[in-house]
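J.: Protein chains in written order, with our numbering: chain A, 40 to 311; chain B, 6 to 372.
(1) Return no unless some Cβ of chain B is closer than 9 angstroms to the Cβ of residue 137 of chain A.
(2) Where does the unbroken beta strand (DSSP E) through residue 231 of chain A begin, and where does it stop?
(3) From the DSSP output, which residues share a beta bridge with residue 51 of chain A?
(4) In angstroms, rounded to a whole number, what distance separates the CA positions of residue 59 of chain B and residue 98 of chain B?
(5) Nearest CA to the CA of residue 91 of chain A: which residue from A/79, A/65 and A/72?
(6) Taking Cβ to Cβ, would you say residue 88 of chain A is nearer than 9 angstroms to residue 100 of chain A?
(7) Mind checking the segment 30-46 of chain B against chain A and listing, in chain order, the residues whose C-beta falls within less than 7 angstroms of any C-beta there?
(8) Who are residue 46 of chain A's beta bridge partners in DSSP?
(9) Please name the residue in B/338, B/290 and B/339 whose C-alpha comes closest to that of residue 230 of chain B.
(10) Under 8 angstroms, CB to CB, which of the residues in the segment 109-137 of chain B have a partner in chain A?
(11) In chain B, what lies closer than 7 angstroms to residue 113 of chain A by C-beta?
(12) Does residue 103 of chain A pass the burial test, meaning 16 or more other C-beta atoms within 10 Å, or should it be called exposed?
(13) Taking beta-carbon pairs under 8 angstroms, can you tell me which members of the segment 254-265 of chain B lie near chain A?
(14) Go to residue 282 of chain A, then tell me how far its alpha helix (DSSP H) extends in each direction, as first and last residue.
(15) Decide if residue 263 of chain A is buried, meaning its Cβ has at least 16 other Cβ atoms within 10 Å, or exposed.
(16) Can a CB atom of chain A be found closer than 9 angstroms to the CB of residue 310 of chain B?
(17) For residue 185 of chain B, tell me which candidate among B/319, B/122 and B/50 has the shortest Cα-Cα distance.
(18) Measuring CB to CB, does residue 65 of chain B end up less than 9 angstroms from residue 91 of chain B?
(19) Determine contact between the segment 156-170 of chain B and the segment 277-291 of chain B, defined as no fewer than three beta-carbon pairs at a distance below 8 angstroms.
(20) Residue 1 of chain B touches chain A at which residues, Cβ-Cβ below 8 angstroms?
(21) Taking 9 angstroms as the CB-CB cut-off, is residue 282 of chain A touching chain B?
(22) Is the beta carbon of residue 324 of chain B less than 9 angstroms from the beta carbon of residue 114 of chain B?
(23) Please list, in chain order, all residues of the same chain as residue 48 of chain B whose beta carbon is under 6 angstroms from its beta carbon, the five residues on each side excluded.
(24) Is it buried or exposed, residue 233 of chain B, if we count other Cβ atoms within 10 angstroms and call 16 or more buried?
(25) How is residue 201 of chain B classed by DSSP in three states: helix, strand or coil?
(26) Strictly under 9 angstroms for the Cβ-Cβ distance: is residue 193 of chain A near chain B by that measure?
(27) Mind listing which residues of the segment 92-123 of chain A have their C-beta closer than 8 angstroms to chain B's C-betas, in chain order?
(28) Look up residue 222 of chain A in the DSSP assignment and say whether it is helix, strand or coil.
(29) So does the segment 146-156 of chain B actually touch the segment 124-133 of chain B, counting three or more Cβ pairs closer than 8 angstroms?
(30) Looking at chain B, which residues of the segment 44-72 of chain A have a Cβ within less than 7 angstroms of any of its Cβ atoms?
(31) Examine chain B for any beta-carbon lying closer than 9 angstroms to the beta-carbon of residue 87 of chain A, and answer yes or no.
(32) Give the interface partners of residue 249 of chain A over in chain B, defined as CB-CB distance under 8 angstroms, in chain order.
(33) Could you check the C-alpha separation between residue 107 of chain B and residue 326 of chain B for me, to the nearest Å?
(34) Please report the distance separating the alpha-carbon of residue 83 of chain B from that of residue 63 of chain B.
(35) Using 9 angstroms as the threshold, is the C-beta distance between residue 279 of chain A and residue 232 of chain A below it?
(36) Identify the residues that DSSP records as bridge partners of residue 205 of chain A: which are they?
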């Protein structure tokens, strides 16, 4: 039986004169689970996502289902991997339903399929994300949070094996943050998708991720189940903050921030 | 996001998957209606073009009636030799040139705006027209051009060569790794200024008559073209439009940004290259044959975007038709604005098009 997990071994990625990730290996990411990637600005989180999506040159191994992802042609890679960037561009004169249908249509497989089928798939995703009522709104009429939901719909509708999300909740209010994480988790489980999401909200990571990976300066600091990968000591060392992990009355872990650490032994001046 | 959206269908919610088992008839109908509206607008543009064409060929200093014009056009009994001659060697070539040039420039502009992700991109703003002007100036003023060409083709050949070359230069820059579209636009603007300065330099040494001839050329005129030019323009459009239409989904996807498009499997570099080739062919030919017509390539796509949005299935034909309609009406206006005088069409295009354009911008959003 082939192993339906994403194995990342010894990856170098970045720009020709500015390597950002060096020799990065991560624990396997299993199908049907969410991996949250956290870390300070400039840690290389987005770089890793873009490298896995074939948008940045990278060396090393990213294996999925017997395939070396970094060596696939862009067309083949797109069949397995979808990357959702942080934002949708402004000034696009398309409606929500058109945008989501385009994400399917553009692939050769769906490109010439009957319109009704493509529409049904796009419509199902909009309903699933609770934005069906926006189907005929122009993208430019949407709020930042609504645009982020559309962006997510575009990624999900392709039903990739590996879904790479770059800060999918950054523009969302608390309710929609929960909506998105819950929906992504359900879809990941139902579709057997591997989800790798960059998150800045540590509490979202603690609550929804099956695996948490903490990066700093292009290297892995910790990785594992949420409460093993995120500890006060690790947070102090990577973010230079004093923090506790408290459990609420329902037993869920929460990060409580107490403040900045004055003594910055390991100086970190790199920007995002 | 209000919590008023209908719940996911039982089937999809229960399984947790996102597979669509059935089409929701109501929402499918709404979607179909949106597409029908878009198609209707494209058809309306085609109808408008036909009206403009008929009016354009029925208008002119010879004062033929519509009846005489139609008789001459279809070779019916009672059509005089003079009428036929006027129609077939003056009015029809001019009217068709106007339509073809408008179509070519607007299609080129639409594709440029998409691949460069910039609403200000057009053959004019990115230096293609300036480069063509320089080529024309070299031919007219200094007599420099390709050897072994008949003199009548010297100016268009030179203009074409420089226009094509300028897009090629843009292309060379685009294919460099890491060159972002906004840099290309800046580079295009730099080309505008460079070629304008070179043109000024050539003008500085020009004789008075050559200068006059050149200034007239830059104003744009559709009276210089005949059937051979029309055939060339038609062939170029017949190649370029279907090719652009084949790339409609990739072009639409590119509107969501390069990263997203590439992640959807669009070979963006190749798409840019092929699109720029089409753009250079269309823009270079149009400018070479009729001179500088700056407005269509920018405005045609904008008007199309306002009425059908950017689903390139509709956006590409709507841009092409809008450009053709504007140019056709401009050709008509150039004959009737001042009776007995045919104004340079490049001047009229702007005067006719700008009010429509401003009104549409103020009005707002796609249908």
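C-beta: ideal position from N, C-alpha, C; glycine also. As the structure is a computational prediction, the values presented were derived from the model and not from experiment.
T.: To lay it out plainly:
(1) Stepping through the first chain from its first residue, residue 137 of chain A is reached at position 98. Yes, residue 137 of chain A lies at the interface with chain B (some Cβ there is under 9 angstroms from its Cβ).
(2) Looking up residue 231 of chain A in the first chain gives position 192. No beta strand (DSSP E) holds residue 231 of chain A; DSSP gives it neither H nor E.
(3) Position 12 of the first chain holds residue 51 of chain A. Answer is A/98.
(4) The residue given as residue 59 of chain B occupies position 54 in the second chain. The residue given as residue 98 of chain B occupies position 93 in the second chain. Cα to Cα, residue 59 of chain B sits roughly 13 angstroms from residue 98 of chain B.
(5) Within the first chain, numbered from 1, the residue matching residue 91 of chain A stands at position 52. Closest by alpha carbon: A/65.
(6) As a first step, residue 88 of chain A must be located in the first chain, where it is residue number 49. As a first step, residue 100 of chain A must be located in the first chain, where it is residue number 61. Against a cut-off of 9 angstroms, the Cβ pair of residue 100 of chain A and residue 88 of chain A comes out as no contact.
(7) 32, 33, 35, 36 and 39
(8) What you label residue 46 of chain A is simply residue 7 of the first chain in a count that begins at 1. Partner(s): A/102.
(9) Taking the first residue of the second chain as position 1, residue 230 of chain B is located at position 225. Out of B/338, B/290 and B/339, B/290 has the C-alpha closest to the C-alpha of residue 230 of chain B.
(10) 122 and 124
(11) Residue mapping note: residue 113 of chain A aligns to position 74 of the first chain, counting from 1. Neighbourhood of residue 113 of chain A in chain B, by CB distance below 7 angstroms: 267, 270 and 272, in chain order.
(12) In the first chain, residue 103 of chain A corresponds to position 64, counting from 1. Label assigned to residue 103 of chain A: buried.
(13) 254, 255, 257, 258, 260, 261, 262, 264 and 265
(14) As a position in the first chain, residue 282 of chain A is number 243, starting the count at 1. Under the DSSP assignment, residue 282 of chain A falls outside any alpha helix (DSSP H), being part of the beta strand (DSSP E) whose first and last residues are 280-286.
(15) Along the first chain, one-based indexing puts residue 263 of chain A at 224. Exposed, by the Cβ-count rule.
(16) Counting from 1 along the second chain, the entry for residue 310 of chain B is found at position 305. Answer yes: the Cβ-Cβ gap between residue 310 of chain B and chain A drops below 9 angstroms somewhere.
(17) Along the second chain, one-based indexing puts residue 185 of chain B at 180. Closest by alpha carbon: B/122.
(18) Start at 1 with the first residue of the second chain, and residue 65 of chain B comes out as number 60. Start at 1 with the first residue of the second chain, and residue 91 of chain B comes out as number 86. Taking 9 angstroms as the Cβ cut-off, residue 65 of chain B and residue 91 of chain B qualify as a contacting pair.
(19) yes
(20) In the structure displayed, chain B extends from 6 to 372; residue 1 of chain B sits before or after that span and is not available.
(21) Sequence index remark: in the first chain, residue 282 of chain A carries index 243 (1-based). It does not: the Cβ of residue 282 of chain A has no partner Cβ on chain B nearer than 9 angstroms.
(22) Position 319 of the second chain, counted from the start, is the residue given in the question as residue 324 of chain B. Position 109 of the second chain, counted from the start, is the residue given in the question as residue 114 of chain B. Yes; because the gap between Cβ atoms is below 9 angstroms, this pair is in contact.
(23) Residue numbering aside, residue 48 of chain B sits at position 43 when the second chain is read from its first letter. A distance below 6 angstroms between beta-carbons, with the five flanking residues on each side excluded, links residue 48 of chain B to no residue of its chain.
(24) Locating residue 233 of chain B in the second chain gives position 228, where the first residue counts as 1. So residue 233 of chain B ends up on the exposed side.
(25) Taking the second chain and counting its residues from 1, one reaches residue 201 of chain B at position 196. Residue 201 of chain B falls in the helix class under three-state DSSP.
(26) Numbered from 1 along the first chain, position 154 holds the residue referred to as residue 193 of chain A. Residue 193 of chain A counts as touching chain B.
(27) 92, 93, 94, 113, 114, 116, 117, 118, 120, 121, 122 and 123
(28) As a first step, residue 222 of chain A must be located in the first chain, where it is residue number 183. Looking at residue 222 of chain A - three-state DSSP - the assignment turns out to be helix.
(29) The answer is no - the segment 124-133 of chain B does not touch the segment 146-156 of chain B, with fewer than three Cβ pairs under 8 angstroms.
(30) Here the close residues number zero.
(31) Within the first chain, the letter at position 48 stands for residue 87 of chain A. So no, residue 87 of chain A is outside the interface.
(32) For the purposes of this step, residue 249 of chain A is identified with residue 210 of the first chain, where counting begins at 1. Under the 8 angstroms cutoff, chain B gives no residues; its nearest Cβ is about 16 angstroms from residue 249 of chain A.
(33) Translated into the one-based positions of the second chain, residue 107 of chain B becomes position 102. Translated into the one-based positions of the second chain, residue 326 of chain B becomes position 321. CA-to-CA, the gap between residue 107 of chain B and residue 326 of chain B works out to about 8 angstroms.
(34) Sequence index remark: in the second chain, residue 83 of chain B carries index 78 (1-based). Sequence index remark: in the second chain, residue 63 of chain B carries index 58 (1-based). If I take the Cα positions, the gap works out to 17 angstroms.
(35) Here residue 279 of chain A refers to the residue found at position 240 of the first chain. Here residue 232 of chain A refers to the residue found at position 193 of the first chain. No; because the gap between Cβ atoms is not below 9 angstroms, this pair is not in contact.
(36) As a first step, residue 205 of chain A is located in the first chain; it is residue number 166 there, counting from the start. Residue 205 of chain A is bridged to A/237.
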